[in-house]
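Residues in the sequence shown are numbered consecutively from 1, following the numbering used here. Worksheet: one structure, shown below.
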Amino acid sequence: MTAEAKPNVKQAVPFFSVSNINASVRFYVDGLGFEMIHKWEPDGKLRWCWLQCGDAALMLQEFRKEGRDSWVPEGKVGEGVSIVFMCEDALTIYRRIKNRGIEVSNPFVGNGMWVVTLNDPDGFSICFESDTDVPEGTEFSEDLNQ
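Structure below.
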């Protein structure tokens with residue numbers, strides 16, 4: 001019996017088609033603290049980028065609104081799509097996001113984790129989660145001493 005080779009997979013990286021890549025880059029880089037690692041700029045205009053935050057990454061590309069391979073979605077592009085970033089301390093990320101003036105929901109405990117949720121400019125649901133022993137359903141308040 002021969003052992004089947006394991007797939008040569010290193011990482012899953014979400015690839016978001018966005019309506020305005022500059023607005024999305026501002027949100028992820030300036031707002032959430034991601035770093036732009038790779039970019040594609042034909043004719044000097046940003047068309048695609050790879051963003052990194054710790055060991056997590058995502059790619060952004062602005063969809064073409066006319067011509068070949070064009071696509072104009074109805075409504076928000078990211079509605080119904082969530083990405084969860086597992087982290088050491090979601091509450092620290094919550095405080096940093098809030099201090100930068102970005103709209104973010106109040107954290108709560110779900111499935112044994114603090115859950116911090118916000119939407120990017122295209123409606124993608126971005127969640128930061130970290131383990132906790134705080135009781136299920138607890139809503140965050142600064143009085144919790146977390």
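Backbone N, C-alpha and C define an ideal beta-carbon position, used for all residues, glycine too. If you're wondering where the values come from, they're calculated on a predicted model, not measured in any experiment.
Q. Exposed or buried, valine 115, counting other C-beta atoms within 10 Å across all chains shown (16 or more means buried)?
A. Locating residue 115 in the sequence shown gives position 115, where the first residue counts as 1. Note on valine 115: 16 or more other CB atoms within 10 angstroms of its CB, so buried under the neighbour-count rule.
Q: Measure from the alpha carbon of glycine 110 to the alpha carbon of each residue in Phe128, Ile93, Asp122, Asn119, then state which is nearest.
A: On the sequence shown, position 110 is the one that residue 110 refers to. Checking every option, the nearest Cα to that of glycine 110 belongs to Phe128.
**Q.** For leucine 32, the three-state DSSP class (helix, strand or coil)
**A.** Working through the sequence shown from its first residue, we reach residue 32 at position 32. Three-state DSSP puts leucine 32 in coil, outside helix and strand.
Q) With distances taken from CA atoms, which of Glu139, Gly112, Asn8, Asn20 is nearest glutamate 62? A) Walking along the sequence shown from the start, residue 62 turns up at place 62. The shortest C-alpha separation from glutamate 62 is found at Asn20.
Q: Over the uninterrupted beta strand (DSSP E) stretch that includes threonine 92, give me the two end residues.
A: Looking up residue 92 in the sequence shown gives position 92. Unbroken run through threonine 92 is the alpha helix (DSSP H), 90-99; no beta strand (DSSP E).
Q | Straight-line gap, serine 130 to valine 9 (C-alpha atoms, nearest Å) | A | Taking the sequence shown and counting its residues from 1, the one referred to as residue 130 is at position 130. Taking the sequence shown and counting its residues from 1, the one referred to as residue 9 is at position 9. Cα to Cα, serine 130 sits roughly 25 Å from valine 9.
Q: Rounded to whole angstroms, what's the CA-CA distance from leucine 118 to cysteine 87? Just pull it up for me.
A: Sequence index remark: in the sequence shown, residue 118 carries index 118 (1-based). Sequence index remark: in the sequence shown, residue 87 carries index 87 (1-based). Computed Cα separation, rounded: 15 Å.
Q. Taking the C-alpha atoms as reference points, what is the distance between glycine 75 and phenylalanine 16?
A. The residue labelled residue 75 in the question sits at position 75 within the sequence shown. The residue labelled residue 16 in the question sits at position 16 within the sequence shown. Computed Cα separation, rounded: 15 Å.
Q: Along the alpha helix (DSSP H) that carries valine 25, what are the first and last residues, could you check?
A: Counting from 1 along the sequence shown, the entry for residue 25 is found at position 25. It spans 21-25 - the alpha helix (DSSP H) in which valine 25 sits, taken as one unbroken run.
Q.
Assuming serine 82 is part of the beta strand (DSSP E), what are its boundary residues?
A. As a first step, residue 82 must be located in the sequence shown, where it is residue number 82. Its beta strand (DSSP E) spans residues 82-86.
(Q) Assuming valine 115 is part of the beta strand (DSSP E), what are its boundary residues? (A) Start at 1 with the first residue of the sequence shown, and residue 115 comes out as number 115. Residues 113-119.
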